[in-house]
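Start counting the sequence shown at 79; every next residue gets the next number (our numbering).
A short worksheet on the structure shown next.
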Amino acid sequence: SVWQLDPSLLEQTGISNAVTRGRHGLGVVMVRAGGNQRDIWDNVNDDGYALNPRVVAVAAVRRDGRAASYSTPGAPLLVAAPSGDFSEGFPGLFTTDRQKSQGYNSSTNEPDYTFGMDGFSGTSAATPQIAGVVALILAVNTNLSYRDVQQILIHSARHFDRADPDLT
């Protein structure tokens with residue numbers, strides 16, 4: 079890997095407090111993007127935040143279910159969610175944009191949204207989907223611990239393409 083990202087002692091204490099004291103002892107469910115550095119041979123194992131077993135690390139997959147060409151691999155990844163993959167011809171996700179000329183999309187038709195090849199992509203687009211699923215899970219049962227939520231994510235995840243060469 080190019081670099082090692084380790085949480086400081088204060089940050090480690092914050093994570094520990096979040097999972098032991100948050101939500102009245104049930105633990106805060108922390109979700110983190112796995113990263114977009116596959117092209118430079120980076121690995122999620124070098125991210126001390128995502129490596130923490132109390133954190134849900136998220137990868138990105140294309141619409142066909144294969145690993146996105148940029149999605150950083152590594153053992154800490156718990157789940158993946160759909161995202162764009164422009165280099166492989168998969169459009170980004172539909173999302174809101176800043177208004178008018180301040181935004182990324184400056185077209186006159188739909189200036190306040192981005193989609194298609196201008197859409198939102200990366201593990202930063204995949205991770206909020208998992209955070210939303212976590213919120214829905216906790217809305218149904220607020221008595222679940224952060225570990226219960228992780229287990230539900232694990233047991234509900236499915237492989238779409240076992241022949242994917244980037245899947246291990």
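Glycine residues also receive a C-beta, built at the ideal position from the N, C-alpha and C atoms.
Small disclaimer: the values here were computed from a predicted structure and weren't measured.
By the criterion of a C-beta distance shorter than 7 Å, N130 is surrounded in its chain by I93, once the five residues flanking it on both sides are discounted.
Beta bridge pairing from DSSP links D125 with L83.
In the three-state reduction of the DSSP assignment, R140 falls in the coil class.
Per DSSP, the unbroken alpha helix (DSSP H) holding L214 starts and ends at 201-218.
L231 carries a helical assignment under DSSP once its states are collapsed to helix, strand and coil.
When rounded, the separation of the alpha-carbon atoms in A158 and A204 is 7 Å. The closest CA to that of A146, considering only F168, H233, L222, is found on F168.
For the options R99, Y148, G112, N183, the alpha carbon positioned closest to that of V133 is the one of G112. F198 is bridged by DSSP to L171. Taking a contact to require three or more Cβ pairs closer than 8 Å, the stretch 146-155 and the stretch 113-128 qualify as touching. Between Y148 and F172, the CB-CB gap reaches or exceeds 8 Å. Per the coordinates, the alpha-carbon of D242 lies some 6 Å from the alpha-carbon of R144.
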